[in-house]
Amino acid sequence: MKKVLLIILGFFAILIVAAAVLPIIFKDDIRAAIDKELDKNLNAQVYYSPDDFSLSLFRSFPNLSVNVSNFGVVGNAPFEQDTLASIGEFGLTLDIMSVIRGDQIKIVNVGLEEPRIHVIVLADGTANYDIAKSTGEAEDQAEESGGSAVNIQIQGWEINNGRVVYDDRSLPMLATIDGLTHSGSGDFAQDVFDMSTNTTVDQLTIGYDGIEYITNKRLSADLIMAMDFANMKFTFKENHLALNDFGFLFEGFLSMPSEDINMDIQFKGEDINLKSVLSLVPGVYQEYMDGVTAAGAVSFAGSVSGTYNEESMPQIFAEFGIADGKVNYAEYPIPMEDIQIHAKLDYPSADLAETSLEMDKFHLTLDGEEVTSYLYFENLEDYYWDFRLNGNLDLEKLTKVVKLEDTELRGLVNGSLTTKGRMSDLEAEQYEKLPTEGSVSISDFYYQSPDLPQGFGIADTRLSFDPEAITLDKFKGNAGKTDLQMDGQITNYLQYALGDSTTLYGRLNFSSDLVDLNEWMTDTEEPVEEEVDTSGLEVVRIPTDVDFVLTSNIAVIKYDNLDLKNFDGEVVIRDGALKLNEVGFNLLDGAFVMNGAYESAPTLAKPLYNFDFEIKELSIPSAFQSFVSVQKLVPVAKKMNGKFSTDLQIGGSLGADMMPVYEDMQGAGLLEIANASLENVKLLSAISNVSKLNQSDGEVSLRDVLMSIEVKDGRIHVAPFDFTIGGRTATVSGSSGVDGSLDYAMSMDVPSGDVGQALNSAISSFAGIDNAIGKDITLNLGIGGTYDDPSVKLLSAKPGADGGQTTVKAAVKEEVKQQVDQKKEELKEELDAKKEEVKEEVQQKVDEKKEEAKQELEEKKEEVKDKAKDAVKDLFNRKKKDDG
1 MKKVLLIILG FFAILIVAAA VLPIIFKDDI RAAIDKELDK NLNAQVYYSP
51 DDFSLSLFRS FPNLSVNVSN FGVVGNAPFE QDTLASIGEF GLTLDIMSVI
101 RGDQIKIVNV GLEEPRIHVI VLADGTANYD IAKSTGEAED QAEESGGSAV
151 NIQIQGWEIN NGRVVYDDRS LPMLATIDGL THSGSGDFAQ DVFDMSTNTT
201 VDQLTIGYDG IEYITNKRLS ADLIMAMDFA NMKFTFKENH LALNDFGFLF
251 EGFLSMPSED INMDIQFKGE DINLKSVLSL VPGVYQEYMD GVTAAGAVSF
301 AGSVSGTYNE ESMPQIFAEF GIADGKVNYA EYPIPMEDIQ IHAKLDYPSA
351 DLAETSLEMD KFHLTLDGEE VTSYLYFENL EDYYWDFRLN GNLDLEKLTK
401 VVKLEDTELR GLVNGSLTTK GRMSDLEAEQ YEKLPTEGSV SISDFYYQSP
451 DLPQGFGIAD TRLSFDPEAI TLDKFKGNAG KTDLQMDGQI TNYLQYALGD
501 STTLYGRLNF SSDLVDLNEW MTDTEEPVEE EVDTSGLEVV RIPTDVDFVL
551 TSNIAVIKYD NLDLKNFDGE VVIRDGALKL NEVGFNLLDG AFVMNGAYES
601 APTLAKPLYN FDFEIKELSI PSAFQSFVSV QKLVPVAKKM NGKFSTDLQI
651 GGSLGADMMP VYEDMQGAGL LEIANASLEN VKLLSAISNV SKLNQSDGEV
701 SLRDVLMSIE VKDGRIHVAP FDFTIGGRTA TVSGSSGVDG SLDYAMSMDV
751 PSGDVGQALN SAISSFAGID NAIGKDITLN LGIGGTYDDP SVKLLSAKPG
801 ADGGQTTVKA AVKEEVKQQV DQKKEELKEE LDAKKEEVKE EVQQKVDEKK
851 EEAKQELEEK KEEVKDKAKD AVKDLFNRKK KDDG
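Numbering follows UniProt numbering, in which position 42 of the sequence shown is assigned residue number 42; successive positions increment by one, without gaps.
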């Protein structure tokens with residue numbers, strides 16, 4: 001007996017030693033086999049540390065457990081900076097005998113702890129998850145390496161505390177899954193077996209085109225499927241799903257015997273009621289549902305059946321209803337009741353003309369006020385619609401049934417609308433076949449929320465409808481401090497709402513005593529002198545499918561520290577552009593008239609602007625303080641007093657920060673200064689140092705100046721003009737740049753007696769005379785450097801003209817004006833040519849991308865089909881039945 005006991009103890013000792021030693025013996029072989037499989041099948045960088053790789057026989061005895069911590073996958077270009085998968089711990093359970101035999105390692109279980117999956121699909125369809133090598137490439141590597149080292153015969157798998165982000169920019173769609181727990185089992189070594197899965201998601205959010213349709217909802221799913229790989233048929237047996245409190249189940253099958261996908265699936269709600277439906281409303285479940293009682297029967301059912309291929313679609317039918325619904329908030333005694341809804345969707349074939357949607361019942365009552373509606377919609381090829389709405393609603397009562405946190409909403413809405421017709425009649429403008437009539441009136445409306453703290457109110461408004469137009473009979477309201485009055489018409493609204501590639505037209509009259517833009521601007525701290533990253537900014541795009549003419553009359557517009565007064569003119573939104581027609585206003589004691597446009601159509605790589613300004617009597621110091629362009633192009637204005645007038649055309653492009661790109665700014669015009677002065681400027685001191693005229697340290701005077709200016713290549717060029725410095729008249733011309741650089745030529749006649757002896761000697765040398773004393777001398781100076789650090793050089797000197805000074809006063813002002821007009825016309829032609837050039841360049845790139853995408857799509861069609869079909873077969877490497 002003792003001997004037997006020793007034998008048994010020895011056997012167990014051997015097992016324990018083997019369990020400890022075998023993982024060490026086979027660790028390198030197993031890791032090499034896994035690395036080989038990853039390299040053979042993936043076009044991606046897989047990272048993990050050998051120190052985080054471990055083996056154990058104790059965890060899943062008698063099988064072998066393989067665990068890798070801090071495991072991750074990073075794609076190749078263009079996703080080399082994006083992590084596709086980061087996994088806290090990746091575990092495999094291997095068949096121990098397959099490891100010992102060493103031919104093919106069998107994987108029977110897979111586990112993921114805290115996986116973080118981030119799927120990205122670019123706008124062109126390129127996906128970061130497309131990392132599997134092509135079938136041919138993988139097969140070639142398998143042949144070279146002697147076949148696959150791994151035989152996948154998974155029987156179970158699990159995921160704990162996972163997070164998945166699906167970012168598809170081609171749609172665009174963004175979905176996030178947080179708190180994912182999933183487990184499943186099934187013998188994939190067999191051709192026919194049952195697969196069982198259990199899934200829970202703590203928070204599910206799905207958004208499309210910037211709008212969230214599902215926000216932080218719970219999801220649970222328990223599924224049992226009969227898997228028949230021999231016939232590629234998968235049958236739903238017992239299946240229960242729930243989104244928050246809305247549960248449903250489905251049954252049927254899906255099969256893929258060939259290229260076609262056949263299906264017959266039925267679904268219906270499970271233990272649902274009106275409160276289950278309310279749990280799906282974004283934000284309601286966490287913040288509101290505890291205070292709500294809801295009752296009413298809810299029905300939800302449908303089916304998907306038929307064949308899906310390139311030529312056919314399955315039939316889809318869905319039906320939803322609420323009977324005798326009632327919603328009551330605990331703090332308000334009056335319920336929303338008698339809720340009756342019934343709607344159904346019927347998509348019987350791939351023929352869009354047979355599709356229909358009908359809501360034949362919609363009714364609710366709130367404190368005696370009823371709302372009823374009917375909708376019928378069919379034929380997606382030539383829409384037919386029939387819509388009716390009638391009711392009165394007190395919004396303040398509604399907020400007490402449907403609680404809105406930190407939100408104030410009130411107002412009375414009364415309306416009725418009836419419309420029916422067919423799209424072809426609408427496109428043919430046969431309005432007599434489109435019976436449409438109705439009106440909506442709103443009074444005492446007010447809305448305020450954390451997103452709109454300024455508040456928006458409508459004191460009184462009335463809309464009337466006919467087939468051609470919505471008429472705004474009157475509108476009186478406010479947005480914050482801004483008062484609003486409007487009337488007018490919006491036309492083509494039916495075709496815009498129902499059709500594609502149509503334009504919405506509007507002609508509105510707008511007036512206001514005060515438009516205060518400051519309260520809509522975000523408070524910012526004092527600006528810091530540093531480079532601003534504009535890579536994430538987007539320019540303001542004007543809609544291309546809207547054609548609105550807004551005739552405006554505004555007493556005061558407040559913007560930053562500016563008050564625009566008596567704003568009057570026409571603002572047009574058309575073809576992706578915002579246009580101003582004869583818009584006049586008063587600003588900084590000056591009078592403005594503007595014409596021009598801001599253009600932002602998608603065909604333009606960056607927005608363009610082109611404006612004509614007529615400005616009368618504008619304060620020079622105020623203009624410098626208020627306009628960045630003046631600070632950039634005319635820094636000397638900081639030290640000037642007086643007023644100016646101008647007739648100027650300016651154009652160019654805007655950057656991502658919506659600021660002008662000064663390097664490509666172009667402009668031309670006339671600048672008139674009746675009386676202005678300049679003093680205490682470094683430039684005057686620099687001139688004094690060269691000329692030795694003490695008077696030049698005093699005031700510069702500009703009287704009756706008419707100068708021609710041109711803006712080009714980031715510089716403002718000035719034609720010769722006269723001004724007074726140190727009591728003497730001087731003529732100057734040249735340019736200054738947005739970088740502060742100066743490049744001017746200056747000519748002035750001075751009495752030789754007013755300059756020093758040293759300068760007289762230099763002048764005598766320039767002029768070729770022995771003694772310049774007692775004569776007027778013309779000094780030609782070159783002005784360079786920058787505004788903050790100017791440099792002045794004496795270029796030449798000569799005896800002055802008889803009778804005094806030589807100036808440009810003799811120039812005919814009318815001739816200057818004609819030259820400016822010619823420059824402005826040339827500028828307009830240049831800007832138009834630039835716009836067309838930008839459009840052609842962008843369109844060419846768009847066409848090239850379209851053609852590339854089309855070719856790629858055609859090339860990948862067959863590959864995608866093969867991958868989809870082979871994925872299920874090859875993934876689990878199921879046994880073939882050739883030998884019976």
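Glycine included, every Cβ here is placed at the ideal spot set by N, Cα and C. All values derive from a computational prediction rather than experimental measurement.
Residues near residue i by beta carbon distance below 6 Å, same chain, minus five either side
i: Y374; result: R388
i: L683; result: P790
i: T355; result: Y347, L380
i: F456; result: Y447, A479
i: Y505; result: T491, N492, D547
i: L249; result: N239, H240, E270
i: W157; result: V110, G184
i: Q315; result: S305, G306, P348
Terminal residues of the beta strand (DSSP E) in which residue i lies
i: residue 886; result: This structure cannot settle anything about residue 886, because the visible part of the chain is limited to 1 through 884.
i: T731; result: 728 to 737
i: T436; result: 436 to 449
i: D743; result: 742 to 751
i: N566; result: 562 to 574
i: K433; result: Segment: none, K433 is in no beta strand (DSSP E) and carries neither H nor E.
i: T786; result: Premise fails: T786 is in no beta strand (DSSP E) and is neither H nor E.
Beta-carbon proximity list for residue i, same chain, < 8 Å, skipping 5 on both sides
i: I131; result: L42, N43, A44, V73, G75, N76, L84
i: K2; result: At K2 the pLDDT is 44, less than 50, meaning the model places this residue with poor confidence; the figure from the coordinates comes in the next sentence. Closer than 8 Å at Cβ, skipping near neighbours: no residue.
i: V711; result: L633, I650, M665, Q666, G667, A668, H717
i: S424; result: D382
Helix, strand or coil at residue i [DSSP, three-state]
i: K854; result: Unreliable positioning characterises K854 in this predicted model, as indicated by a pLDDT of 49, which lies under 50. A coordinate reading is not provided.
i: F188; result: coil
i: I620; result: helix
i: N379; result: coil
i: S629; result: helix
i: D367; result: coil
i: K793; result: strand
i: K579; result: strand
i: A123; result: coil
i: K133; result: coil
i: I341; result: strand
i: K361; result: strand
i: D679; result: Position check: residue 679 holds Glu in this sequence, whereas Asp was assumed. Note: E679 maps to coil in three-state DSSP.
i: N641; result: strand
i: I334; result: coil
Range covered by the alpha helix (DSSP H) that runs through residue i
i: E427; result: 423 to 427
i: V401; result: 395 to 401
Buried/exposed call for residue i, threshold 16 Cβ in 10 Å
i: Q666; result: buried
i: residue 908; result: The structure shown has nothing for residue 908, since the chain only spans 1 to 884.
i: Y47; result: exposed
i: K643; result: buried
i: A623; result: buried
i: S685; result: exposed
i: G488; result: buried
i: Q454; result: exposed
i: A597; result: buried
i: D483; result: buried
i: T436; result: buried
i: S796; result: exposed
Chain-order list of residues whose beta-carbon lies under 7 Å from that of residue i (same chain, five-residue window excluded)
i: Y662; result: K632, G714, V738
Check: residue i C-beta below 8 Å from any heavy atom of the ligand ZN
i: A605; result: For the structure depicted, the ligand ZN is absent and the ligand set is empty, with no information on it obtainable.
C-beta neighbour in chain C for residue i, strict 9 Å
i: N309; result: Structure shown: chain C not included; a single protein chain is present.
Check your understanding: Fully enclosed by the region 229 to 309, which beta strand (DSSP E) runs are 3 residues long or longer?
Key -> Qualifying beta strand (DSSP E) stretches, in chain order: 233 to 243, 246 to 255, 261 to 269, 292 to 308.
Review point. Whole alpha helix (DSSP H) runs in the region 61 to 97 with 4 or more residues, listed along the chain?
Key: none
Review point. Could you give the uninterrupted runs of the alpha helix (DSSP H) lying entirely in the region 461 to 527, keeping only those of 4 residues or more?
Key: 493 to 498
**Study point:** Runs of beta strand (DSSP E) wholly within the region 156 to 214 (minimum 3 residues, chain order)
**Key:** 173 to 185, 192 to 208
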